[in-house]
Ligand code: URA
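Residue numbers (this note's numbering): 36 to 332.
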């Protein structure tokens, strides 16, 4: 079970023992996620006031409610991309115009650097409003292998790099087992912004972000793609099959220019941390990848 916590107790802990007791309590209650960086003492808050309802017509447009973001450092104005649909400042809810803009920005990027700039300047995915960083990629863009996960978690959001938390450490060990490391692979995610509280990205958010990861794959042009987990496999292999059926069988990811890249769907490291008995399945999949790379070299 996954539980989030927003609240601290009335008395703030002072000693290391107090803190350890509280953490032990949270752990035994199943709390494994902090929603905010700073604790909130709900006991110190005033009693809630009755909800004030503004007339619907007076409500500001949703965009106005989204937090303001500093101007993109790339200097790229997404609305100036030729023939791009007009954009709103920050979209609270993804919509088709934003998906079209994402496609336009992705297609017009001719290098990975440009793609990163276009993504950093894109405000059409609401996940960006709550994320600390764009998590673009890690590793070697010249690598023969590209791995794609689902979305960044807390550690990745803080560092701006994919797979740097617990599942990342397991992934590093899995890669090492077949003689690879971050200098010989390239790693990215379907979604480049952390969903708040690590919730599952919505289908809308995935559709908005899809053109970016598809273009990223096209620009890296790896010999082999590894889909880490069901969401990556389903999104990039255009299938609704479950990962336990998909894994271990070669598929193909077809790029916009029609190139078919061999793809191996496998189990996500976070799933393997929860289900260690299935590590042997992922091990088989990684051996398949290793054999394929050897055959290709
Ligand atoms: N899980 C993912 O899918 N991606 C990351 O970057 C980290 C955890």
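Think of the CB as a built atom: it goes at the ideal place given N, C-alpha and C, for glycine as much as any other residue.
{"Check": "List, from N- to C-terminal side, the alpha helix (DSSP H) runs of 4 residues or more that fit wholly inside the segment 201-252.", "Outcome": "201-212"}
{"Check": "Buried or exposed, going by whether 16 or more other CB atoms sit within 10 Å of the CB of residue 294?", "Outcome": "exposed"}
{"Check": "If you draw a straight line from the alpha carbon of residue 250 to that of residue 307, how long is it in whole angstroms?", "Outcome": "29 angstroms"}
{"Check": "Check whether the Cβ of residue 198 sits closer than 6 angstroms to any heavy atom of ligand 1, and report yes or no.", "Outcome": "yes"}
{"Check": "Mapping DSSP to helix, strand and coil, what is residue 117?", "Outcome": "For residue 117, the predicted structure reports a pLDDT of 42, less than 50, and the residue's modelled location is therefore unreliable. The matter cannot be settled from this model."}
{"Check": "Take residue 255 as the anchor and find which of 206, 191, 197 and 223 has the nearest alpha-carbon.", "Outcome": "223"}
{"Check": "At which residues does the alpha helix (DSSP H) containing residue 16 begin and terminate?", "Outcome": "In the structure displayed, the chain extends from 36 to 332; residue 16 sits before or after that span and is not available."}
{"Check": "Please work out which residues of its chain come closer than 7 angstroms, Cβ to Cβ, to residue 327, disregarding the five sequence neighbours upstream and downstream, and give them in chain order.", "Outcome": "259 and 297"}
{"Check": "Just checking, does the segment 201-219 make contact with the segment 279-293 on the three C-beta pairs under 8 angstroms criterion?", "Outcome": "no"}
{"Check": "What are the uninterrupted segments assigned as alpha helix (DSSP H) that are 4 or more residues long and contained completely in the segment 156-183, given in chain order?", "Outcome": "162-165"}
{"Check": "Does the distance from the C-beta atom of residue 300 to that of residue 205 stay below 7 angstroms?", "Outcome": "no"}
{"Check": "Evaluate residue 279 with the Cβ neighbour count: other Cβ atoms within 10 Å of its Cβ, from every protein chain shown; 16 or more gives buried, anything less gives exposed.", "Outcome": "exposed"}
{"Check": "Starting from residue 300, follow its DSSP beta bridges and name the residues at the other end.", "Outcome": "262"}
{"Check": "When we look at the beta-carbon of residue 323 and count the other beta-carbons within 10 Å, is it buried (16 or more) or exposed?", "Outcome": "buried"}
{"Check": "If you pair each beta-carbon of the segment 215-229 with each one of the segment 185-192, do three or more pairs fall below 8 angstroms?", "Outcome": "yes"}
{"Check": "With C-beta atoms as the reference, is residue 30 less than 7 angstroms away from residue 171?", "Outcome": "With the chain covering 36 to 332 only, the question about residue 30 has no answer from this structure."}
{"Check": "Is residue 187 a contact residue of ligand 1, with contact defined as CB to any heavy atom under 6 angstroms?", "Outcome": "yes"}
{"Check": "Within 10 angstroms of the Cβ of residue 89, are there 16 or more other Cβ atoms? Answer buried if so, exposed if not.", "Outcome": "Residue placement at residue 89 is poorly supported in this model, since its pLDDT is 35, which falls under 50; the coordinates are not used for a value here."}
{"Check": "Anyone know if the C-beta pair for residue 137 and residue 243 falls short of 7 angstroms?", "Outcome": "yes"}
{"Check": "Name the two residues that bound the continuous beta strand (DSSP E) containing residue 289.", "Outcome": "286-289"}
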